[in-house]
Every structure is written in C-alpha cells, then in structure tokens.
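Line by line, the protein sequences give chains F and Z. All the letters of the first sequence, read from the start, carry residue numbers 1 to 112 under the working numbering. All the letters of the second sequence, read from the start, carry residue numbers 1 to 114 under the working numbering. We put the CB at the ideal spot given by N, CA and C, even for glycine. Please read these numbers as outputs of a predicted model, since none were measured by experiment. See structure below.
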Amino acid sequence: GDSVTQMEGPVTLSEEAFLTINCTYTATGYPSLFWYVQYPGEGLQLLLKATKADDKGSNKGFEATYRKETTSFHLEKGSVQVSDSAVYFCALRGQAGTALIFGKGTTLSVSS
Amino acid sequence: DTAVSQTPKYLVTQMGNDKSIKCEQNLGHDTMYWYKQDSKKFLKIMFSYNNKELIINETVPNRFSPKSPDKAHLNLHINSLELGDSAVYFCATSSDGSSGNTIYFGEGSWLTVV
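Here it is, written out as structure tokens:
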C-alpha cells in the first residue's frame, strides 16, 4: 500500500540556519503531496502542497518540490526562526475522497 | 467561526467508561475523517464518512463507533475505555473531486484514560 517515509528527528538548529527535512513516498499512480505542521499543543495546519510532478509548493518561506523520478518531497527553508519550532508531517493522498497517509513526523527545535 | 470544531478539547476519564467526542464542520465538505495521534505523534486514519456513509474503516476495535447524523457532523463514541485509548483524536474534512483538495483538521481532543 501507499506509504510515506520521513527523516527521524529531532532536528535541532540555530536561528537562521538552513533546514531540510527529507520525505520520500511509495504510491501507485500520481498522488498529491502535502506538508502539515503541528505547533505545540495545537492541531494540524496545512503548510504547503503539490498535486503533480515538478510542482513546487511554498508558504511562509518553506518550499518543497514534487519529484516523481526520486519519489520525494523534501521540505526546505533558507533561514529558520524560533517560531518554526514544531512537528512537521509529510503526507500523501492517492485519490479524491481517500484519507491522508502521514509520515511519522519530524520534530524541529530552533534555538536563538 | 472555527471551520472544524471538536468538543471536548480535553477529557480525562476512568477505564471502563464510555465517552463521546463531537465534531462539526461549517465548510460544506462532503467527507469527514477521524484520525488518532499516539504518544509518539504518529497519525493514523480511523474512519472516513462521505455524505453520512462510512467509506473507510481501518482496523479499529469495535469499541469505537463513529456516527454521522448529517453531513456537517461526525461524532466518535468509545465504549469501555482502556488505558491504550489515551491519545489525541483529530476530526478532519475535505471536499471531493481531487486528491489535491486540502484536508482541514480540527484542533484535536486530548483523551486521557486513567
């Protein structure tokens, strides 16, 4: 079945460092790909998404490119802030009406 | 107005009790979901309803029973609560038509069974 693998955390960075969180997927067909973020004590918020190969999703300085050839959707940000400290989830959705399948989440901790 | 609202947000209850978590959405979406997040933050789909009809029913103990009285509501009832049921339960919704449609999540219901 479909699955998502993302790098294990926690990831600890200093403010203004470059961030990469790796995400790869296994799916039949052409899924849509998502990154969600969960701040401490809160629910899940959509960070960005991409629905077809070579699409780039971006939001709040974060970006990720849908790479079909490497089945990847790595999350990047050029300069992280303390306020970016959260858990980041990579997810895919194979077809309309189906559920999101999540990776295990990566905890990011940014210190000043 | 909160798009997807869940109640209660926090619930502490004893083993063996029966409890319900309610979810309401005002987005007009056709599909609603329940997810469980365990202590390691792992998110797993439990149920999905489309227009009040059960679509997804993952391997979940039959102590868990979802109920959808109408398209805007999907409630989760749990019988005979066990310690292992302690988790965060998220309600979510989406519109149909494309796998790229965003799934919107509620703020979660933190359930602690003691």
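Check                                                                                                                                                                                       : Outcome
Take residue 71(F) and list the residues in its own chain whose beta-carbon comes closer than 6 Å to its own, dropping the five residues that flank it on each side.                        : 24, 25
Under three-state DSSP, which class holds residue 82(F)?                                                                                                                                    : helix
Suppose the cutoff is 7 Å on Cβ atoms and the five residues either side in sequence are ignored; what does the same chain contact list for residue 24(Z) look like?                         : 5, 72, 73
Mind checking the region 48-70 of chain Z against chain F and listing, in chain order, the residues whose C-beta falls within less than 9 Å of any C-beta there?                            : 48, 50, 55, 56, 58
Give a yes or no on whether the minimum CB-CB distance between residue 63(F) and chain Z is below 8 Å.                                                                                      : no
So, helix, strand or coil for residue 111(Z), using DSSP?                                                                                                                                   : strand
Of all the residues that make up the region 27-54 of chain F, which are near chain Z by a beta-carbon distance shorter than 7 Å?                                                            : 31, 32, 42, 43, 44, 46, 49, 51
Take the Cβ of residue 77(F) as the centre, count every other Cβ of all protein chains shown within 10 Å, and call the residue buried at 16 or more, exposed below.                         : buried
Alpha carbons only, please: which of 30(Z), 48(Z), 93(Z) is nearest the one belonging to residue 45(F)?                                                                                     : 93(Z)
Using a Cβ-Cβ cut-off of 8 Å (strictly less than) and excluding sequence neighbours within five positions of residue 11(Z), which residues of its own chain qualify?                        : 19, 21, 109, 110, 111, 112
Using 10 angstroms around the beta-carbon of residue 18(F), count the other beta-carbons present and answer buried if the total reaches 16, otherwise exposed.                              : exposed
Could you name the residues of the same chain whose beta carbon sits closer than 8 Å to that of residue 99(F), not counting the 5 residues immediately before and after it, in chain order? : 93
List, in order along the chain, the chain Z residues whose C-beta lies closer than 7 Å to that of residue 100(F)?                                                                           : 103
So is residue 70(Z) buried or exposed if we call it buried at 16+ other beta carbons inside 10 Å?                                                                                           : exposed
Pull up the DSSP beta-bridge partners for residue 24(Z), would you.                                                                                                                         : 5(Z), 73(Z)
Taking the straight line between their C-alpha atoms, what separation do you get for residue 102(Z) and residue 12(F)?                                                                      : 29 Å
Determine whether the Cβ of residue 97(F) lies closer than 8 Å to any Cβ atom of chain Z.                                                                                                   : yes
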